[in-house]
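>
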Amino acid sequence: MIFKNCFVAGLLLMSWCACAQAGDIDEARKLPGAGQIAGQETEWISYRNAYKQMILFEKYGKPKQFLQNRFQLVPTQHGEQMDDVRLTLVSQSLRLKLPVDPVGRALFPLLKSAYDENAELRLNRPAGTFVFRSRVSVTPRADGVYDVADLKMACDQLKDFLRFTGDTVAAAKKCIGLEFVFAKKDLDSVIAFKNAENSRQALPESKGDDTDTLLPENLKSFLFRFSDWP
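Taking the working numbering, the leading residue of the sequence shown gets 25, the next gets one more, and so forth.
1) Just curious, the alpha helix (DSSP H) that valine 193 is in, first and last residue?
2) Grab me the residues of alanine 143's own chain with a C-beta within less than 7 Å of its C-beta, minus the 5 sequence neighbours each way, in chain order.
3) Given that a residue counts as buried once 16 or more other Cβ atoms are within 10 Å of its Cβ, and exposed if not, what is proline 150?
4) For phenylalanine 154, collect the residues of the same chain with a Cβ closer than 7 Å to its Cβ; drop the 5 residues on either side in sequence, then sort them by chain order.
5) So, is valine 160 buried or exposed, given that buried needs 16 or more other C-beta atoms within 10 angstroms?
6) If you draw a straight line from the alpha carbon of alanine 179 to that of proline 123, how long is it in whole angstroms?
7) Roughly how many angstroms lie between the CA atoms of valine 162 and glutamine 92, to the nearest whole one?
8) Quickly, what does DSSP pair isoleucine 69 with across the bridge? List them, please.
9) Under a three-way DSSP split, which group does lysine 121 fall into?
10) Less than 9 Å between the beta carbons of phenylalanine 95 and leucine 145, yes or no?
11) Please report the distance separating the alpha-carbon of serine 230 from that of serine 245.
12) Answer with buried or exposed for glycine 201, where buried requires no fewer than 16 other C-beta atoms within 10 angstroms of its C-beta.
13) Sort Leu80, Phe206, Lys136 and Gly85 by Cα distance to asparagine 242 and report the nearest one.
14) With DSSP as the reference, label phenylalanine 217 as helix, strand or coil.
15) Which word fits lysine 183, buried or exposed, when buried means at least 16 other C-beta atoms lie within 10 angstroms of its C-beta?
16) With a 10 Å radius around its C-beta and 16 neighbouring C-beta atoms as the bar for buried, classify alanine 226 as buried or exposed.
Structure follows, in structure tokens:
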């Protein structure tokens with residue numbers, strides 16, 4: 025699941041992303057680190073730099089039951105393919121492949137040995153084609169059903185976490201909605217809102233120009249604004 029800030033009409037739009045019926049709300053923090061490895065201009069990041077960002081979520085002690093944290097690769101240009109993207113953690117004593125999902129997310133291992141050895145996270149892409157981010161997202165539900173009240177609470181939990189990280193500007197904004205993201209090959213994927221009378225209505229697919237999200241071409245998105253679905 026991806027968690028990212030989308031600014032719509034000057035307000036914070038929390039993103040709820042779902043891939044193969046997995047949902048997310050995202051707050052993204054860009055991490056530094058492309059450079060040269062063994063004479064090749066290759067995308068990479070220092071494990072220590074990433075660790076310092078990712079460990080903040082583990083140390084956060086307030087309620088976060090609706091949230092999860094992931095390491096994410098985000099393309100800098102449209103059309104970048106994710107199918108053969110490979111992320112590898114490399115240090116003096118280990119070489120660990122980190123599986124990347126269709127949205128570019130990977131589980132980040134918190135390893136003391138990798139930190140002590142100043143490991144590198146290497147991507148099989150040229151420098152400048154991806155940026156690395158920390159993504160705080162809504163934890164997916166196996167049944168694919170999310171209560172709107174829970175999603176609003178997830179937004180509140182995210183804003184509290186942003187204050188903890190020192191991002192008071194983003195934390196002060198209002199959460200007005202979410203974004204659902206699916207793989208385009210999942211032709212049957214639908215986001216529907218069900219009201220108190222059990223009436224269902226499908227959300228229209230986003231045109232792609234109403235958020236600042238740069239999605240890979242294999243994904244499609246649906247916006248859910250709280251004010252549109254009372």
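For glycine and all other residues, C-beta sits at the position ideal for the given N, C-alpha and C. As the structure is a prediction and not an experimental result, all values here were calculated from the model.
Taking the structure as given:
1) 192-195
2) Tyr71, Leu113, Val114 and Ser115
3) exposed
4) Glu67, Leu97, Val98, Pro99, Thr100 and Leu147
5) buried
6) At residue 179 the sequence reads cysteine, which differs from the alanine that was named. Cα to Cα, the separation comes out at about 28 Å.
7) 6 Å
8) Leu145
9) strand
10) yes
11) 6 Å
12) buried
13) Phe206
14) strand
15) buried
16) exposed
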